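As structure tokens, the structure follows; a few thoughts come after it.
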Ligand code: FAD
Ligand code: MLT
Ligand code: ZN
């Protein structure tokens, strides 16, 4: 098998030594460590196709991997020693940037930040933004339908993919790299692959939609008493600033406390148990005045207790660092159990109160680290637990509250290997059966990321 792979990608394209494979064998949080048979590093789509043909013929399981920043342990192999990791990292060319057509075509292994920078150089905006953008790759972003910090205004990755090239389980290359805004010619099949977490095909390239780059960006950090006040603030800001709002992030006092503890960064506002990071942008003049006016109103009506507006790009970056460091601080703080949940926006305060009550009653010693994309109804209801905590029971405790509010057990991180039992529990029935049928149809030998998202039967 190894020799067949080497014949396709050359000796440097196949890693077999344990020390070379270590970084591919475990997720960034070190929650799961597998044992890859080897790591394959193709340079182009033809090589991906040839490798898949070999795997398909021999029935070898393939685990696609991008930047390995995923939150659901979807990109790591199991411990059997029989699964191969297919890393797309060497396919890292930005093929084209078209400022007039407002598109960017990139291979799967392009780092998200490089794609953002290429768009910026062309005077355009690639609005997908997340704290892992310096490592996450376009293929991973597409395969997870990543969300992030600007979903409120620009949508998830799904809304920003115009064209896709995928390699199917049997090695067939499907080229749908069109740059069209409008394309109703037949099924929009690419949507099946976006968010499929490596279970339906390998994403080898994508055409992403760009937007006009706003000339003015205003970033503000506000203190609020509680999540209900944060939603009153959201309503006020939407009335005053309309669709100029890119981000409306809610951060708990605990989240900022651990960022200060581990990174020495301190929030420059006081007075609230919770914080809101708000960003608005526009090309027309007057945005800053509008944000200042809205902030003054929020303070006067005591919806916000304190607030600052960044005076410079450097200050804006400092405010964002407070928010973007929360995940890393959580990792340093102890054993974290993640709940990437969404509920209808008005239900957020009730969800947070009920979930807190349920967790603290059932898990003494648990410390809550809630933060996230409140403008999208998406909270990372993460819990730092004691070593003996039964994570599965904790997941069920939180997810029962989520589902009682009509919510989802994964808003943006996906199911991966981490939430398989939870998906089976909450989406059992025709929805999961339909998903299984689609998967079986595209991958009848079940070689693509087996055990992720759902079990075979
Ligand atoms: P990987 O982790 O390598 O893979 C993720 C999944 O996609 C796996 O199932 C893998 O098999 C599959 N996959 C990867 N590449 C391909 C491919 N080319 N073809 C087919 N399948 C493939 N995510 C959010 O949505 N929003 C956030 O705000 C956010 N914040 C984060 C903050 C931090 C600090 C970190 C570390 C992560 C964050 N994430 C967030 C999670 C992660 O960054 C995203 O899910 C990202 O899209 C994963 O990209 P990746 O290249 O690292 O994918
Ligand atoms: C983020 O928004 O920073 C991540 O998606 C959240 C997490 O670490 O759980
Ligand atoms: Zn997030």
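Residue numbers (the working numbering): 0 to 456.
For each residue, glycine too, the CB sits at the ideal point set by N, CA and C.
Source: prediction; values computed, not measured.
In this structure, residue 338 has its CB at a distance of at least 6 Å from all heavy atoms of the ligand MLT. A contact is defined here as three or more CB-CB pairs under 8 Å, and the stretch 338–349 meets this definition with respect to the stretch 370–380.
Rounded to the nearest whole angstrom, the C-alpha separation of residue 30 and residue 72 is 8 Å.
If only complete runs of 3 or more residues are kept, the stretch 173–259 shows the beta strand (DSSP E) at 201–208, 215–223, 244–251, in order along the chain. Ranked by how close their Cα comes to the Cα of residue 80, the residues 61, 10, 97, 44 have 61 in first place. Per DSSP, residue 85 is one residue of the beta strand (DSSP E) stretching across 83–86.
Cβ-Cβ separation between residue 131 and residue 96: approximately 22 Å, too far for a contact (criterion under 8 Å). For residue 280, the enclosing beta strand (DSSP E) stretches over residues 273–281. Between residue 380 and residue 354, the C-beta gap is smaller than 7 Å, which places the two residues in contact.
The DSSP assignment places complete alpha helix (DSSP H) segments of no fewer than 4 residues inside the stretch 306–355 at 312–323, 325–332, in order along the chain. When the alpha-carbon of residue 452 is set against those of 276, 143, 104, the nearest one is in 143.
By the Cβ criterion, the stretch 199–216 is not in contact with the stretch 232–240, since fewer than three pairs of Cβ atoms, one from each stretch, lie closer than 8 Å. Non-local C-beta neighbours of residue 322 in its own chain, meaning closer than 7 Å and more than five positions away in sequence, comprise 248, 250, 276, ordered along the chain. Here the alpha carbons of residue 197 and residue 439 stand approximately 14 Å from one another. Contact check for residue 105 against residue 119 fails: the beta carbons are separated by 7 Å or more.
Residue 163 sits in a strand when the DSSP states are folded into three classes. For residue 11, no beta strand (DSSP E) run applies, since DSSP gives it neither H nor E. In terms of CA proximity to residue 94, 108 leads the group 288, 69, 108.
In this structure, 40 is the residue among 26, 32, 40 with its C-alpha nearest to the C-alpha of residue 10.
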